[in-house]
Every structure is written in C-alpha cells, then in structure tokens.
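Peer 1: With the numbering used here applied, the sequence shown covers 8 to 328.
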Amino acid sequence: MDRNLAMEVVRVTEMAAIASARLMGRGNKDESDQAAVDAMRRAFDALNIDGTVVIGEGERDEAPMLYIGERVGARNAGAPEVDIALDPLEGTNLCAYGRPGSISVVAMSSHGGLLNAPDTYMEKLAVGPRARGAIDLRKSPTENLRSIAERMKLYVEDLTVMILDRERHADLIKEVRAAGARVRLIEDGDVAGAIATCFEGSGVDVLMGIGGAPEGVIAAAAIRATGGDLQGRLVPRNQGEIERAKKMGITDIHKIYTAEELARGEVMFAATGVTSGDFLKGVRFFGGGCETHSVVMRSKTGTVRFIQSIHKFDKKPGYAP
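Here it is in structure tokens:
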C-alpha cells in the first residue's frame with residue numbers, strides 16, 4: 008500500500024460524509040446511513056485496489072452492499088490486495104438528530120491484517136501517545152487512571168474520561184468519578200472518542216467502556232497510526248455470539264487484544280466529519296458546493312494529515328452524491 012493510496016482513500020470517506028450530511032437533522036437514521044453506504048460503495052469503484060470488506064454493514068443476507076466478504080475496488084491488474092474495515096456513518100443517531108461527533112471512516116490493511124471481529128460488544132481502554140504502555144484491562148478503572156496520570160505527569164483530577172452514556176456503564180462512571188477524574192458522556196460514536204484521545208486539542212485523555220467490537224478494530228487502526236494505545240476484550244451477550252465468534256476464528260473469547268493484534272502490519276485510516284466533533288468539523292454546504300474536513304493516517308510513517316477540501320458540485324466525479 009503506497010502513500011498515494013492513503014490520499015485516495017479519503018475521497019471515499021468524503022463522499023459518504025457529504026451524502027449523509029445532506030440528511031442531517033431529518034430524524035431518520037436509516038435514511039442517513041443508507042445514503043452514506045450508497046455513496047461509499049460507488050466511491051470504492053474508483054480506487055485501484057482489490058479489496059475485501061472484513062468489517063462492514065453486516066452479513067450478506069443483512070446488507071445489499073459493503074457486507075462482510077464483499078470485493079470492492081477497480082481490481083485492475085497489479086492492484087494491491089487489502090482488507091477493509093469501514094463504517095460509512097459512525098453515529099447514525101448523531102447525524103439524524105443534528106448532534107455532534109458523527110464521522111465516516113475507513114481503515115485498510117494488507118491482506119489478513121485486520122481482525123475479523125464478530126458483531127458483539129468489546130470492552131475498550133484507549134489513550135493517546137503520552138500514556139502509551141500505561142493501560143491494562145486486567146486492572147480496575149481506578150488503577151488504570153492512576154497509571155495513566157503518572158505516565159502523563161498529571162493528577163488523576165486532570166484527566167477527562169470519555170464513556171458511552173449507557174446503563175451498563177453506571178458502575179464504571181461511579182468509580183471514575185470516585186477516583187477523581189472528570190467524566191464526559193457521549194450518546195454514540197466511540198470510534199471518534201478513541202481517536203480523540205490521540206489529539207491534544209480534543210480535551211479527551213481516556214476512552215473507557217463497552218462498545219461495538221467491529222468499531223474497536225477500526226479505532227485500533229487509527230490508534231496505531233498515531234502512536235496511541237488501545238486494549239480490547241470481547242464481551243459476548245449470549246451463547247450465540249460466542250459460537251459466531253468461534254466460527255470467525257476466535258478461539259479465546261476472554262483474550263485481551265492490543266491495537267497491534269486488532270490491526271496488524273501496515274495500516275491506513277481515513278475519516279471525514281459529518282457533524283462537527285472533537286477533532287473534525289462537519290460538512291458545511293454553500294451554494295454550488297460544500298467544505299469537508301478529514302484526517303488521513305499511515306502507521307508506516309506515523310504521518311497524520313488533516314485535509315480541508317472544497318467540493319464544487321458542477322465538477323463532481325460521477326460517483327459523488
């Protein structure tokens with residue numbers, strides 16, 4: 008995967024973000040999500056890759072496109088074989104109700120690099136580069152917060168912890184508050200939350216809690232590219248999810264995965280803001296076009312590029328919305 012490909016991948020997230028942002032605030036999350044899926048699928052056709060979706064919109068019988076196992080890309084002679092993890096619209100409710108933090112994301116690795124995570128829950132703990140090596144899911148939230156604060160040369164009271172606002176996190180929130188850290192609750196979008204820990208200006212130091220396992224793999228790709236740290240452990244909800252995980256090749260349900268195990272080898276990551284969040288502005292429309300804000304990362308070089316783009320609709324490519 009060469010560096011030029013990283014710049015091409017961002018076109019895919021841009022198109023999905025623009026399409027879904029058109030429907031921002033309409034109150035219909037399915038409509039917003041479908042617009043993003045359609046636009047992203049068309050955009051992939053313009054990429055000279057031989058790609059396989061390993062994390063996508065679900066199984067083939069659940070999704071007409073961008074399903075797990077679908078082949079995407081122009082697939083011309085010599086095109087690199089890549090695995091793809093994607094979420095055309097991460098934070099569907101956020102977009103549908105005009106709330107901050109929804110993004111369009113794509114992670115890409117060489118073939119076999121991304122864990123084919125089952126559609127179940129995953130307990131996650133993510134931090135930025137300054138706290139790399141200070142986290143351990145085997146320890147309590149309080150112990151982790153003390154370790155993170157020590158590594159960052161801060162007080163625990165200085166830390167801001169992002170947690171999904173769910174009933175299952177009641178005890179976690181209580182413990183984090185008792186430890187002295189500040190808590191920031193979010194409605195959706197823990198991929199964006201994990202990535203935010205890697206950017207000083209976001210105001211987020213730690214992501215804790217249980218979210219989707221596929222989203223954990225996508226976040227791991229970005230964390231690896233920025234030099235942060237992430238650990239994840241599957242939390243199946245029933246025996247059926249355990250059996251499905253085993254069929255996907257996961258033999259140890261209780262294994263604690265590192266970011267390097269979730270996203271191995273060389274990885275690329277691209278995201279475009281749909282609605283404005285901690286580190287990406289949302290799509291802004293004007294007469295005849297729009298403005299997007301994206302980030303592109305490569306683990307090979309550790310390069311992080313923020314891209315502000317102006318799109319003129321009268322000159323848009325055929326796959327654009």
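Beta carbons are placed, not taken as given, at the ideal position from N, Cα and C, and that holds for glycine.
The structure presented is a predicted model; accordingly, all values stated were derived computationally and were not measured.
Is the region 101-116 close to the region 271-290, with three or more CB pairs under 8 Å?
Peer 2: yes
Peer 1: Can you tell me the Cβ-Cβ gap for L171 and D212, rounded? I've got them flagged as a contact below 8 Å.
Peer 2: Here residue 171 refers to the residue found at position 164 of the sequence shown. Here residue 212 refers to the residue found at position 205 of the sequence shown. At roughly 16 Å, the Cβ-Cβ gap does not stay under 8 Å, so L171 and D212 are not in contact.
Peer 1: Rounded to the nearest angstrom, what separates T99 and Q41 at their Cα positions?
Peer 2: Reading the sequence shown from its first residue, position 92 is the one you call residue 99. Reading the sequence shown from its first residue, position 34 is the one you call residue 41. Rounded to the nearest angstrom, the two C-alpha atoms are 10 Å apart.
Peer 1: Could you check the C-alpha separation between V89 and M255 for me, to the nearest Å?
Peer 2: Position 82 of the sequence shown holds residue 89. Position 248 of the sequence shown holds residue 255. Distance between the alpha carbons of V89 and M255 is about 18 Å.
Peer 1: Using three-state DSSP, classify E150 as helix, strand or coil.
Peer 2: In the sequence shown, residue 150 corresponds to position 143, counting from 1. Reduced to three states, the DSSP call for E150 is helix.
Peer 1: Alpha carbon to alpha carbon, how far is I317 from E298?
Peer 2: As a working note, residue 317 is residue 310 in the sequence shown. As a working note, residue 298 is residue 291 in the sequence shown. Cα-Cα distance, rounded: 5 Å.
Peer 1: Output needed for R291: all residues of its chain with C-beta closer than 7 Å, excluding positions within five of it in sequence on either side, in chain order.
Peer 2: Along the sequence shown, read from residue 1 onward, the residue named residue 291 stands at position 284. Residues of the same chain with a CB within less than 7 Å of the CB of R291, apart from the 5 flanking positions on each side, are C297 and E298 in chain order.
Peer 1: What is the residue span of the alpha helix (DSSP H) that F286 lies within?
Peer 2: As a first step, residue 286 must be located in the sequence shown, where it is residue number 279. Here F286 belongs to no alpha helix (DSSP H), and DSSP marks it neither H nor E.
Peer 1: Answer with buried or exposed for S147, where buried requires no fewer than 16 other C-beta atoms within 10 angstroms of its C-beta.
Peer 2: Taking the sequence shown and counting its residues from 1, the one referred to as residue 147 is at position 140. So S147 ends up on the exposed side.
Peer 1: Could you tell me which residues DSSP pairs with V16 in its beta bridges?
Peer 2: Walking along the sequence shown from the start, residue 16 turns up at place 9. V16 pairs with nothing; no bridge assigned.
Peer 1: Taking a contact to mean a Cβ-Cβ separation below 8 Å, would you say R33 touches A103 in this structure?
Peer 2: Translated into the one-based positions of the sequence shown, residue 33 becomes position 26. Translated into the one-based positions of the sequence shown, residue 103 becomes position 96. Yes, Cβ-Cβ distance for R33 and A103 is below 8 Å.
Peer 1: Are the region 256-270 and the region 177-189 touching by the rule of at least three beta carbon pairs closer than 8 Å?
Peer 2: no
Peer 1: List the endpoints of the continuous beta strand (DSSP E) containing H121.
Peer 2: As a first step, residue 121 must be located in the sequence shown, where it is residue number 114. Strictly speaking, residue 121 in this sequence is Leu, with His absent from that position. Neither: L121 is in no beta strand (DSSP E) and is coded neither H nor E.
Peer 1: Leaving out five residues on either side along the sequence, give the residues of the same chain with a beta carbon under 7 Å from the beta carbon of G200.
Peer 2: To locate residue 200, count along the sequence shown from 1; it is residue 193. Around G200: M169, I193, V211 and L214.
Peer 1: Would you report the Cα separation of E77 and G105, rounded to the nearest angstrom?
Peer 2: Start at 1 with the first residue of the sequence shown, and residue 77 comes out as number 70. Start at 1 with the first residue of the sequence shown, and residue 105 comes out as number 98. Using only the alpha carbons, I get a separation of about 31 Å.
Peer 1: Please specify which runs of the beta strand (DSSP E), each continuous and at least 3 residues long, are wholly inside the region 85-114, giving them in chain order.
Peer 2: Within the region 85-114, the complete beta strand (DSSP E) runs of at least 3 residues are 88-97.
Peer 1: Which first and last residues belong to the beta strand (DSSP E) in which S209 is found?
Peer 2: To locate residue 209, count along the sequence shown from 1; it is residue 202. Note, S209: premise wrong, no beta strand (DSSP E); not H, not E.
Peer 1: Leaving out five residues on either side along the sequence, give the residues of the same chain with a beta carbon under 7 Å from the beta carbon of A124.
Peer 2: If you number the sequence shown from 1, residue 124 lands on position 117. Taken in chain order, the residues that qualify are I62, A220, P221, G223 and V224.
Peer 1: What do you get for N11, buried or exposed, if any count of 16 or more other CB atoms within 10 angstroms of its CB means buried?
Peer 2: Counting from one through the sequence shown, the residue named residue 11 turns up at place 4. With fewer than 16 other Cβ atoms within 10 Å, it is exposed.
Peer 1: Span of the alpha helix (DSSP H) holding K181?
Peer 2: Within the sequence shown, residue 181 is the residue found at index 174, counting from 1. Counting along the chain, the alpha helix (DSSP H) containing K181 begins and ends at A177 to A186.
Peer 1: In the DSSP assignment, what are the bridge partners of L30?
Peer 2: Numbered from its first residue, the sequence shown carries residue 30 at position 23. L30 pairs with nothing; no bridge assigned.
Peer 1: Tell me whether the beta-carbon of A188 lies closer than 8 Å to the beta-carbon of E164.
Peer 2: Start at 1 with the first residue of the sequence shown, and residue 188 comes out as number 181. Start at 1 with the first residue of the sequence shown, and residue 164 comes out as number 157. In contact: A188 and E164 (Cβ atoms closer than 8 Å).
Peer 1: Use the C-beta contact count for Y128: other C-beta atoms within 10 angstroms, 16 or more gives buried, fewer gives exposed.
Peer 2: Working through the sequence shown from its first residue, we reach residue 128 at position 121. It counts as buried.
Peer 1: Could you check what DSSP says for R231 in three-state terms: helix, strand or coil?
Peer 2: Locating residue 231 in the sequence shown gives position 224, counting from the first residue. Three-state DSSP puts R231 in a helix.
Peer 1: What do you reckon, are the CB atoms on A232 and V274 nearer than 8 Å?
Peer 2: Numbered from 1 along the sequence shown, position 225 holds the residue referred to as residue 232. Numbered from 1 along the sequence shown, position 267 holds the residue referred to as residue 274. Taking 8 Å as the Cβ cut-off, A232 and V274 qualify as a contacting pair.
Peer 1: How many Å lie between I230 and E268 at the Cα?
Peer 2: Here residue 230 is taken as the residue at index 223 of the sequence shown, counted from 1. Here residue 268 is taken as the residue at index 261 of the sequence shown, counted from 1. I230 and E268: Cα-Cα distance of roughly 12 Å.
Peer 1: For A185, collect the residues of the same chain with a Cβ closer than 8 Å to its Cβ; drop the 5 residues on either side in sequence, then sort them by chain order.
Peer 2: For the purposes of this step, residue 185 is taken as the residue at position 178 of the sequence shown. Excluding positions up to five away in sequence, the list reads T149.
Peer 1: Under DSSP, the alpha helix (DSSP H) around S306 begins and ends at which residues?
Peer 2: Stepping through the sequence shown from its first residue, residue 306 is reached at position 299. Premise fails: S306 is in no alpha helix (DSSP H) and is neither H nor E.
Peer 1: Can we count A84 as close to the ligand NAD, meaning its CB is less than 7 Å from some heavy atom?
Peer 2: In the structure shown, the ligand NAD is absent, as is every other ligand, since no ligand is present at all.
Peer 1: So what does DSSP say about G63, is it helix, strand or coil?
Peer 2: In the sequence shown, residue 63 corresponds to position 56, counting from 1. Coil.
Peer 1: Which residue comes first and which comes last in the beta strand (DSSP E) that contains K262?
Peer 2: The residue labelled residue 262 in the question sits at position 255 within the sequence shown. It is not in any beta strand (DSSP E) - K262 carries neither H nor E in the DSSP assignment.
Peer 1: Counting C-beta neighbours from all protein chains within 10 Å, is the total for Q246 16 or more, i.e. buried, or is it exposed?
Peer 2: Translated into positions along the sequence shown, residue 246 becomes position 239. Q246 comes out exposed.
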